[in-house]
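**Student:**
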Amino acid sequence: MYMYMLFYEIVAIFQGLIFAIVCHCRQYRPQKGGICVANHTSPIDVLILTVDGCYAMVGQVHGGLMGIIQRAMVKACPHVWFERSEMKDRHLVTKRLKEHIADKKKLPILIFPEGTCINNTSVMMFKKGSFEIGGTIYPVAIKYNPQFGDAFWNSSKYNMVSYLLRMMTSWAIVCDVWYLPPMTREEGEDAVQFANRVKSAIAVQGGLTELPWDGGLKRAKVKDTFREEQQKNYSKMIVGNGSLNSELG
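Just so we're aligned: the sequence shown equals residues 284 to 532 in the working numbering.
1) Can you tell me which of the three DSSP states GLN314 falls into?
2) MET408 by DSSP, collapsed to three states: which one?
3) Which runs of the alpha helix (DSSP H) fall wholly inside the stretch 472 to 498 and span at least 4 residues, in chain order?
4) By the three-class DSSP mapping on this structure, what secondary structure does LEU393 have?
5) I need the boundaries of the beta strand (DSSP E) containing ALA339, first residue and last residue.
6) If you compare alpha carbons, which of GLY418, ARG468 and LEU375 is closest to PRO313?
7) How should SER413 be labelled, buried or exposed, when 16 other C-beta atoms within 10 angstroms of its C-beta is the threshold for buried?
8) According to DSSP, is ALA455 helix, strand or coil?
9) Between the beta-carbon of THR492 and the beta-carbon of SER405, is there less than 8 Å?
10) Helix, strand or coil, according to DSSP, for TYR427 in the structure here?
11) With contact counted as at least three CB pairs below 8 Å, one residue from each stretch, are the stretch 337 to 353 and the stretch 453 to 468 in contact?
12) Could you spell out where the alpha helix (DSSP H) holding ALA359 opens and where it closes?
13) Within 10 angstroms of its Cβ, does PHE509 collect 16 or more other Cβ (buried), or is it exposed?
14) Between GLU255 and ALA474, what straight-line distance do the alpha-carbon atoms span, to the nearest angstrom?
15) Check the C-beta distance from GLU422 over to ALA484 and give it rounded, since I have them as a contact under 8 Å.
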């Protein structure tokens with residue numbers, strides 16, 4: 284009873300936000316036994332999508348406020364949460380997800396393959412694990428309008444409570460949601476190629492820049508070798524421009 288009451292209180296917090304959501308191509312909404320994949324900007328991506336459907340969530344177990352929300356959600360319907368140590372065991376993760384989609388009575392799984400929040404101007408590398416499971420993929424593109432409020436959660440700068448306060452003091456959360464036609468892995472196509480094909484479809488529909496980099500790099504220290512490589516490329520460009528100017532002169 285306590286968890287349910289707490290869950291309703293958390294929902295009441297989000298009711299302090301004003302949402303304006305436009306859903307396109309609703310005939311392609313994810314079906315039971317399928318996998319919904321979407322670009323990831325914010326924890327409220329989940330709220331945006333659940334306005335128009337129900338999903339089973341997949342993710343790592345968190346502490347703090349997010350952990351409280353996760354434990355409350357499990358009371359309502361089955362979700363797939365992993366401990367940090369389990370997330371490193373790809374076989375275990377794949378096994379549990381396959382078991383879920385094998386039951387066509389269960390809600391579609393919602394996965395954000397980027398694995399981290401991106402600033403809604405681009406789509407970064409989709410982790411291949413989500414595309415090794417099999418089954419039908421239902422791509423979804425989410426695009427926020429920054430004129431009314433920045434939905435991006437920079438977790439290295441704001442904790443969850445600070446982020447929610449920023450959202451609640453913004454004018455509104457305005458976004459478009461596009462449901463894309465379902466996609467399946469083609470013959471001879473590996474998981475990486477399939478992931479890139481789905482990512483491209485989402486990027487094109489959402490008007491987002493498609494980038495090959497891992498979004499998790501924003502938390503990693505830049506390697507010296509990578510920095511040196513960029514410096515060499517830049518110096519070659521400068522030298523090349525200098526030579527061209529000399530010839531023109």
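Where a beta carbon is used, it is the ideal one built from N, C-alpha and C, also for glycine. Note that the structure is a prediction, hence the values are computed from the model and not measured.
**Tutor:** According to the structure shown:
1) Here residue 314 is taken as the residue at index 31 of the sequence shown, counted from 1. Of the three classes helix, strand and coil, the one that applies to GLN314 here is coil, per DSSP.
2) Here residue 408 refers to the residue found at position 125 when the sequence shown is read from its first residue. Three-state DSSP puts MET408 in coil, outside helix and strand.
3) 474 to 489
4) To locate residue 393, count along the sequence shown from 1; it is residue 110. In the structure shown, LEU393 sits in a strand (DSSP, three-state: E or B).
5) Locating residue 339 in the sequence shown gives position 56, where the first residue counts as 1. Segment 339 to 343, the beta strand (DSSP E) holding ALA339.
6) On the sequence shown, position 30 is the one that residue 313 refers to. Cα-wise, what sits closest to PRO313 is GLY418.
7) As a first step, residue 413 is located in the sequence shown; it is residue number 130 there, counting from the start. Buried: at least 16 other Cβ atoms inside 10 Å.
8) Locating residue 455 in the sequence shown gives position 172, where the first residue counts as 1. In the structure shown, ALA455 sits in coil (DSSP, three-state: anything other than H, G, I, E or B).
9) Here the question's residue 492 lines up with position 209 in the sequence shown. Here the question's residue 405 lines up with position 122 in the sequence shown. It is a contact, given that the beta carbons lie within the stated cut-off.
10) As a first step, residue 427 must be located in the sequence shown, where it is residue number 144. In this structure, TYR427 counts as strand in the three-state DSSP scheme.
11) no
12) Here residue 359 corresponds to residue number 76 of the sequence shown, with the count starting at 1. ALA359 -> alpha helix (DSSP H) spans 347 to 359.
13) Indexing the sequence shown from 1 puts residue 509 at position 226. When all chains shown are included, PHE509 counts as exposed.
14) Residue numbering for the chain in the displayed model covers 284 to 532; residue 255 lies beyond these limits and cannot be assessed.
15) The count along the sequence shown starts at 1 and reaches residue 422 at position 139. The count along the sequence shown starts at 1 and reaches residue 484 at position 201. Sequence inspection shows Pro at residue 422; the Glu mentioned does not correspond to that position. At roughly 5 Å, the Cβ-Cβ gap stays under 8 Å, so PRO422 and ALA484 are in contact.
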